[in-house]
Each structure stands twice: as structure tokens, then as C-alpha cells.
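First the structure, in the form of C-alpha cells, and then the observations on it.
Number of protein chains: 2
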Amino acid sequence: MDMTSKLTAAAERLFDRHGYMATGMDRLTEAAGMSSRTLYKHAGSKAALMARVLTERDRRFMARLEVRTVDALFAALEDWVRVEGCRGCLFLRSRAETGGDTPEIAEAVAAHKEAFHRRVGEVVATDLGREDPALAEQVLVLFEGATHAAVYRGAQTVSAARAAAAILLERARS
Amino acid sequence: MDMTSKLTAAAERLFDRHGYMATGMDRLTEAAGMSSRTLYKHAGSKAALMARVLTERDRRFMARLEVRTVDALFAALEDWVRVEGCRGCLFLRSRAETGGDTPEIAEAVAAHKEAFHRRVGEVVATDLGREDPALAEQVLVLFEGATHAAVYRGAQTVSAARAAAAILLERARS
DNA sequence: TGCATTGTAAAGCGATCGTTTTACATTAGT
DNA sequence: ACTAATGTAAAACGATCGCTTTACAATGCA
Numbered sequence: 001m002d003m004t005s006k007l008t009a010a011a012e013r014l015f016d017r018h019g020y021m022a023t024g025m026d027r028l029t030e031a032a033g034m035s036s037r038t039l040y041k042h043a044g045s046k047a048a049l050m051a052r053v054l055t056e057r058d059r060r061f062m063a064r065l066e067v068r069t070v071d072a073l074f075a076a077l078e079d080w081v082r083v084e085g086c087r088g089c090l091f092l093r094s095r096a097e098t099g100g101d102t103p104e105i106a107e108a109v110a111a112h113k114e115a116f117h118r119r120v121g122e123v124v125a126t127d128l129g130r131e132d133p134a135l136a137e138q139v140l141v142l143f144e145g146a147t148h149a150a151v152y153r154g155a156q157t158v159s160a161a162r163a164a165a166a167i168l169l170e171r172a173r174s
Numbered sequence: 001m002d003m004t005s006k007l008t009a010a011a012e013r014l015f016d017r018h019g020y021m022a023t024g025m026d027r028l029t030e031a032a033g034m035s036s037r038t039l040y041k042h043a044g045s046k047a048a049l050m051a052r053v054l055t056e057r058d059r060r061f062m063a064r065l066e067v068r069t070v071d072a073l074f075a076a077l078e079d080w081v082r083v084e085g086c087r088g089c090l091f092l093r094s095r096a097e098t099g100g101d102t103p104e105i106a107e108a109v110a111a112h113k114e115a116f117h118r119r120v121g122e123v124v125a126t127d128l129g130r131e132d133p134a135l136a137e138q139v140l141v142l143f144e145g146a147t148h149a150a151v152y153r154g155a156q157t158v159s160a161a162r163a164a165a166a167i168l169l170e171r172a173r174s
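Protein chains in written order, with my numbering: chain Z, 1 to 174; chain E, 1 to 174.
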């Protein structure tokens with residue numbers, strides 16, 4: 001494993017578990033197992049590192065959402081929270097922590113959320129056989145709600161969202 | 001307006017807009033219009049100040065949720081985002097920023113989310129005429145989802161959640 | 001053999017962090 | 001008029017922030 005990947009992985013873990021602002025560069029160097037000089041050669045800056053973490057995470061997350069049905073969308077979320085835990089959406093948290101004032105971070109978040117919104121629309125259209133933006137918005141809300149409610153209610157929120165989405169879809173079909 | 005209220009109001013505004021960690025005590029003193037000595041006399045510490053902000057916000061928020069129907073629940077959320085804007089849930093954000101490692105903050109968040117969960121259950125029971133924990137969980141997910149999706153999709157997510165909740169409730173009734 | 005390349009360890013940069021202190025002004029109640 | 005309370009302005013506390021620098025070791029390719 002090359003140093004850049006090791007650094008990105010360590011950074012994602014720390015930023016996700018303790019927050020972006022609360023994670024100092026010294027803890028990053030220790031966790032990544034490299035000197036601060038090497039770290040800055042690969043990271044550029046703290047904000048750039050966070051942006052790379054988000055871009056990487058977007059790739060991993062969106063890869064799991066390559067599905068054809070709404071039900072599979074929530075099944076993918078169930079897998080995700082089983083693997084990654086329930087700490088809410090790192091993208092929204094990063095932007096909130098920086099107040100949207102760090103361009104590299106704000107752009108990575110905006111790109112991810114736009115891709116996510118588009119993907120939900122596609123899956124709904126494929127599953128339903130036609131476009132339905134209003135239903136897609138509801139599915140997106142359920143997805144986001146399951147993600148964030150899971151922080152304090154646990155993974156059961158994903159099952160709840162999954163069941164709710166099935167009802168909404170059934171109704172849209174008839 | 002006494003100094004404690006002025007301080008709490010200024011703190012809520014800054015913490016909400018720029019984040020807890022990103023807001024320094026100097027910006028707080030400036031915004032609250034008082035010396036740092038007076039600030040610390042009323043705040044105790046930064047974490048205690050955040051905890052008081054959250055307790056205050058819980059009071060204001062929960063007061064709006066004293067309703068009898070699920071539809072009114074989402075109407076209240078519509079009012080809330082119109083007044084307070086769409087920056088996600090300050091409670092979850094505070095806990096995420098501190099990694100849950102600040103007891104005063106973690107406790108304020110847990111108390112709020114427990115009260116919120118209980119309230120949703122009560123409203124669903126009142127509206128439906130019977131307890132329905134599974135439906136209540138779905139309504140909670142829709143509420144939380146509307147709150148967080150609104151950050152990047154705008155207030156329309158609340159209307160979407162409201163419509164979805166109406167469908168789920170109608171189905172539970174028949 | 002020689003010379004980039006890539007890494008480490010550690011000191012140090014100026015700035016800012018949350019918090020406390022010192023010294024002094026204003027006001028209200030006995 | 002005396003006192004206690006409550007405020008201000010500003011300096012200073014040690015710690016930590018993100019980031020850079022200096023000095024040096026190991027490696028791989030010519």
C-alpha cells in the first residue's frame with residue numbers, strides 16, 4: 001500500500017470518527033505512520049486532504065449504488081452502515097463544520113450530492129418504468145433520513161425507510 | 001435583554017452558521033458585545049455554553065411540535081426551516097463535531113433526540129388512534145430526512161416528506 | 001561509484017486556541 | 001459615603017494549531 005492511500009485511509013477514519021476540525025495534523029501523522037514532511041508532500045493541505053477523502057468516499061459509496069431497483073438502493077445502504085457504521089453523512093458534516101467556507105470541501109460535497117441526487121432519480125425511473133421526480137425526492141428524503149436517524153436510532157431506520165419506500169413505489173405504480 | 005440571553009443567542013447563531021469548533025471565543029465576545037471575563041462568568045466554558053445553546057434550542061423546537069396530527073408535524077417543520085434556515089440538525093452536528101467526547105454536549109443531544117422520538121410516537125398515536133411504533137419510525141425518518149436533505153435540496157424536501165407521510169398514514173388507517 | 005529520489009526525526013514558524021488574570025469603571029443598596 | 005456587585009479593556013497563560021525547515025538516512029537506477 002502506497003503512502004498516499006495509507007494517508008487517505010487514515011484521514012478518512014479520523015475525520016469521520018472525531019470530526020475534521022478536531023483532528024490535528026499530528027494525529028494524522030501518527031495514524032498514517034509517516035513524518036509530517038511526507039504527509040504534506042502527499043496531502044498538500046488539510047483542506048485538500050479532506051477533499052481527497054471525500055472524493056474517494058464518493059467513489060466507494062456511489063459504486064455501491066449501481067442498482068436497478070429502489071429496494072436494492074436501501075439494501076445497499078444497509079450494507080454500507082453495517083460496514084461503515086452510523087455516524088451520519090460525512091459530506092454534510094464536513095461542509096457544516098467548515099460553514100461552507102472552504103471551497104475545496106464545498107465543491108467535493110456539492111459534486112457528491114449532485115451525483116447522488118441524479119442516481120436516485122435514475123434508479124426510480126428504472127424501477128418505475130418512467131421518470132417521477134416527486135417520488136425520487138421522497139426516496140432521497142427517506143435515504144437521507146435513514147442515514148441520519150440511524151445515528152441515534154440504529155440501523156433499524158434503514159429497514160423502516162426501505163419499507164416506506166416500497167409502499168410509496170407500489171402506490172406510484174397503480 | 002440580560003447578558004446571559006444575549007450571549008446564548010449570539011452563540012447559537014455562530015455555532016449554527018460556522019460550526020462549534022470553528023467558532024473561537026473571541027468571535028463570541030465580539031458578537032455578544034461583552035468582555036471575555038463577563039462571558040466566562042455566564043458561560044462557564046465553551047462546552048457548557050454549547051450545551052446551554054442546545055437546551056434552549058430544544059425548548060424552542062419542541063414547543064413547535066405540540067401538535068395532534070402528523071401533517072401538522074411537517075407543517076411545523078416547514079415553519080421552522082422558513083425561520084431558521086436549512087443547515088441540518090444542530091444537535092447531530094454538535095455531537096459529530098466533538099466525536100461524542102464532550103459529555104455535556106452528548107447528554108444535551110441525547111436528551112433532545114429522546115424527547116423528539118417520544119413526541120413523534122405520541123403524535124402518530126394521537127393521529128392514528130392507536131400506537132404504531134413502525135409507522136412512527138418511518139415518520140421520524142421522513143422528518144430527519146427532510147431536515148438534512150433540505151441542506152442541498154432546499155425546503156421542497158419538507159413538502160415531499162409531508163406528502164409521503166400522508167400516504168403512509170392513509171395506508172395505516174385502512 | 002554517484003546522484004537523484006523519497007523517506008525520517010525533530011525543531012521551529014507565527015498564529016490562534018480556550019481560559020485566567022490584573023487593574024480599573026460604573027452602579028445600586030445599606 | 002461605603003461596600004458589594006457587575007461590568008470593561010487588555011495583557012498574558014500554556015497549549016496547540018497548520019505548516020515549513022533543517023539535517024540526515026536509505027533506496028534504486030545510471
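For glycine and all other residues, C-beta sits at the position ideal for the given N, C-alpha and C.
Step through the CB atoms of chain E and report whether any lies within less than 8 Å of the CB of residue i.
i        : result
Z/Glu107 : no
Z/Ala149 : yes
Z/Tyr152 : yes
Z/Lys113 : yes
Z/Glu137 : yes
Z/Leu140 : yes
Z/Glu144 : yes
Z/Ala51  : no
Z/Leu168 : yes
Z/Ala160 : yes
Z/Met21  : yes
Z/Ala134 : yes
Z/Ala164 : yes
For residue i, collect the residues of the same chain with a Cβ closer than 7 Å to its Cβ; drop the 5 residues on either side in sequence, then sort them by chain order.
i        : result
Z/Ala161 : Phe74, Leu142, Phe143, Gly145, Ala146
E/Asp101 : none
E/Glu131 : Ala125
Z/Arg57  : Glu12, Leu90
Z/Glu104 : Ala47, Ala48, Ala51
Z/Gln156 : none
E/Met21  : Glu97
Z/Ala106 : Arg95, Gly100
Z/Ala108 : Ala51, Leu54, Thr55
Quick one: what's got a C-beta closer than 8 Å to residue i's C-beta in the same chain, skipping five residues either side?
i        : result
Z/Asp26  : Ser36
Z/Ala76  : Arg64, Leu65, Val67
Z/Pro133 : Gly121
E/Arg17  : Arg87
Z/Leu256 : Residue 256 of chain Z cannot be examined here, being either before or after the span of chain Z that is shown, 1 to 174.
Z/Tyr40  : none
E/Val80  : Checking the sequence shown, residue 80 of chain E turns out to be Trp, not Val. Cβ within range, chain order: Phe61, Arg64.
Exposed or buried, what is residue i when buried is set at 16 or more other beta-carbons lying within 10 Å of its beta-carbon?
i        : result
E/Thr126 : exposed
E/Gly195 : Outside the displayed span of chain E (1 to 174) sits residue 195 of chain E, for which this structure offers no information.
Z/Asp2   : exposed
E/Lys113 : buried
E/Arg118 : exposed
Z/Ser94  : buried
Z/Arg153 : buried
Z/Glu137 : buried
Z/Glu97  : buried
Z/Val83  : exposed
Looking only at its chain, what residues have a beta carbon closer than 6 Å to the beta carbon of residue i, apart from the 5 residues adjacent to it on each side?
i        : result
Z/Val151 : Cys86, Gly88
Z/Glu78  : Val158
E/Arg60  : none
E/Ala43  : Leu49
Output yes if chain Z places a C-beta closer than 8 Å to the C-beta of residue i; else output no.
i        : result
E/Leu92  : yes
E/Arg17  : yes
E/Val83  : no
E/Ala75  : no
E/Arg176 : Because chain E is modelled from 1 through 174, residue 176 of chain E falls outside the range shown and cannot be assessed.
E/Arg171 : yes
E/Thr98  : yes
E/Thr157 : yes
E/Ala31  : no
**OP:** Count the C-beta pairs between the region 81-100 of chain Z and the region 53-67 of chain Z that are closer than 8 Å, then say yes if the count reaches three, no if not.
**Re:** yes
Subject >> Inter-stretch contact (C-beta, 8 Å, three-pair minimum) for the region 112-128 of chain Z and the region 54-71 of chain Z >> reply: Contact holds: three or more Cβ-Cβ distances are below 8 Å.
Subject >> Uninterrupted alpha helix (DSSP H) stretches inside the region 127-166 of chain E (no shorter than 4 residues) >> reply: Secondary structure remark: continuous alpha helix (DSSP H) runs of at least 4 residues inside the region 127-166 of chain E, in chain order: 133-153.
**OP:** Give, in chain order, every unbroken run of the alpha helix (DSSP H) that is at least 4 residues long and sits entirely within the region 87-113 of chain Z.
**Re:** 90-97
Original post:
For the region 25-84 of chain Z, which segments carrying the alpha helix (DSSP H) assignment without a break, of at least 4 residues, lie completely within its bounds, in sequence order?
Top reply: 25-32, 36-43, 46-64, 70-84
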